[in-house]
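Number of protein chains: 2
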Amino acid sequence: MTQATLPGLTLCNNAMLRRATRKLGQFYDDVLAPSGLKATQQGLLYQIHIGDEPTMGAIAGALVMDLSALGHTLKPLIRDGYVETFADPGDRRIKRVRLTPQGLIKLDEAMKLWRVAQQRFEDMVGKEQAAKLRAALDDLAALDFDLPPAAT
Amino acid sequence: MTQATLPGLTLCNNAMLRRATRKLGQFYDDVLAPSGLKATQQGLLYQIHIGDEPTMGAIAGALVMDLSALGHTLKPLIRDGYVETFADPGDRRIKRVRLTPQGLIKLDEAMKLWRVAQQRFEDMVGKEQAAKLRAALDDLAALDFDLPPAAT
DNA sequence: CTCATAAAGTGGCATATGCCACTAAATGGA
DNA sequence: TCCATTTAGTGGCATATGCCACTTTATGAG
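Chains as they are written, first to last, in UniProt numbering: chain A, 1 to 152; chain B, 1 to 152.
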């Protein structure tokens, strides 16, 4: 009960991650603002771009994101004409995604700004440090939390 | 244009951070589910708990969160009777926040689950590694991105 | 004391994300 | 061939977060 000695939330891996995400998100968003895209949208356009007309599921998987969340996030981009979807000819359950010409132009524009943000970030924390952090985060995203005990 | 050689979004510090946050968030949320709280809510209740009837601004600052976002996030917790607010007697612009008795009970319940998640996480990535990650994320949240060039 | 300005929140609007219940389409038997 | 099951998305609902325009209080000149 002596809350004077209670540890801060600095001990929670999840809370720290969210907090850092808010901070960095604000920074990248600020730099990307002139393009009219949020950092999340730039990242999503890029992910679509580097794929070969990826399916919704493939994108969601790559981004470790819920499929329905991806669908929601895609809506404003489709509305604004940056992205379009089409049913896979071979399997009509599957919906594929691609950038429109406008989307490609917008992505180029956003990438220029992204490089600025990325560079400024790495100038502050150090290229090495940044790479190490990304590697750690990559590992994190790949973890498999299932099966609590799983002994034997 | 040869997208075959385009680097994955693995290079974007921000994207990696968000991705890891989604992953870890799902894990902590899963473990906390029996309490009915999301990990963000548990973290917020805890932050309020360790403070001395903190002001909205103080909480937002500690969590590196927008003040209005905090206000929004607090609503369901107030609605569910876990948190209550009251005007500071000395400065009526200031609103202070505290847990209700119910909120304290719920926090205890959630903390038990949180420890399980935290422990399982550290068993997987290693206590050392987790601490290092948190430290890095803490530094990140403390960065000051203002003044781009700032030479001379 | 009076008013311009700063400080602290609120509300509205928009995106980010998740879960769940459903629908549509493909698949694997019987 | 026909149906139970699985796969891929959609829509609705709820929380997480931000920005911006205001409203309410304090404060600090004058």
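Just so it is clear, CB atoms sit at the ideal spot from N, CA and C, and this is done for glycine as well.
Bear in mind the structure is a predicted one, so any value in this text is a computation, not a measurement.
{"Query": "So, at 8 Å on beta carbons, what are the nonlocal neighbours of B:Thr100 in its own chain, with the 5 sequence-adjacent residues on each side left out?", "Result": "Gly81, Tyr82, Val83, Glu84"}
{"Query": "If the cut-off is 9 Å on Cβ atoms, which residues from the stretch 52–80 of chain A count as contacting chain B, listed in chain order?", "Result": "Asp52, Ala62, Leu63, Val64, Met65, Asp66, Ala69"}
{"Query": "Give the straight-line distance between the Cα atoms of B:Ala69 and B:Lys75, rounded to the nearest whole angstrom.", "Result": "10 Å"}
{"Query": "Is it the case that the stretch 37–50 of chain B contacts the stretch 106–116 of chain B, given that we only count it when at least three CB pairs across the two stretches are under 8 Å?", "Result": "yes"}
{"Query": "Buried or exposed for B:His49, going by 16 or more other Cβ atoms inside 10 Å?", "Result": "buried"}
{"Query": "Counting C-beta neighbours from all protein chains within 10 Å, is the total for A:Gly61 16 or more, i.e. buried, or is it exposed?", "Result": "exposed"}
{"Query": "Going by other Cβ atoms of all chains shown within 10 Å of its Cβ, with 16 needed for buried, is B:Gln119 buried or exposed?", "Result": "exposed"}
{"Query": "When Cβ atoms are compared, which residues of the stretch 96–127 of chain B fall closer than 9 Å to chain A?", "Result": "Trp114, Val116, Ala117, Gln118, Arg120, Phe121, Glu122, Met124, Val125"}
{"Query": "Work out the CA separation of A:Met56 and A:Gly90 for me, nearest whole Å.", "Result": "15 Å"}
{"Query": "Shorter than 8 Å from the beta carbon of A:Leu133 to some beta carbon of chain B?", "Result": "yes"}
{"Query": "Which of the three DSSP states is assigned to B:Lys112 in this structure?", "Result": "helix"}
{"Query": "Among all the DSSP beta bridges, which residues are the ones paired with A:Leu99?", "Result": "A:Val83"}
{"Query": "For B:Lys127, count neighbouring C-beta atoms within 10 Å of its own C-beta (all shown protein chains included) and say buried if the count is 16 or more, exposed if not.", "Result": "exposed"}
{"Query": "Below 8 Å on the Cβ atoms is my guess for B:Thr21 versus A:Leu17; work out the distance and round it to an integer in Å.", "Result": "5 Å"}
{"Query": "Does the beta carbon of B:Thr10 sit closer than 8 Å to a beta carbon anywhere in chain A?", "Result": "yes"}
{"Query": "Thinking C-beta only, is B:Asn13 closer than 8 Å to A:Leu140?", "Result": "no"}
{"Query": "List, in chain order, every chain A residue whose beta-carbon is nearer than 7 Å to that of B:Phe86.", "Result": "Within chain A, no residue comes near B:Phe86; the closest Cβ sits about 19 Å away, beyond 7 Å."}
{"Query": "Assign B:Gln102 to buried or exposed, taking buried as 16 or more other Cβ atoms, counted over all protein chains shown, within 10 Å of its Cβ.", "Result": "exposed"}
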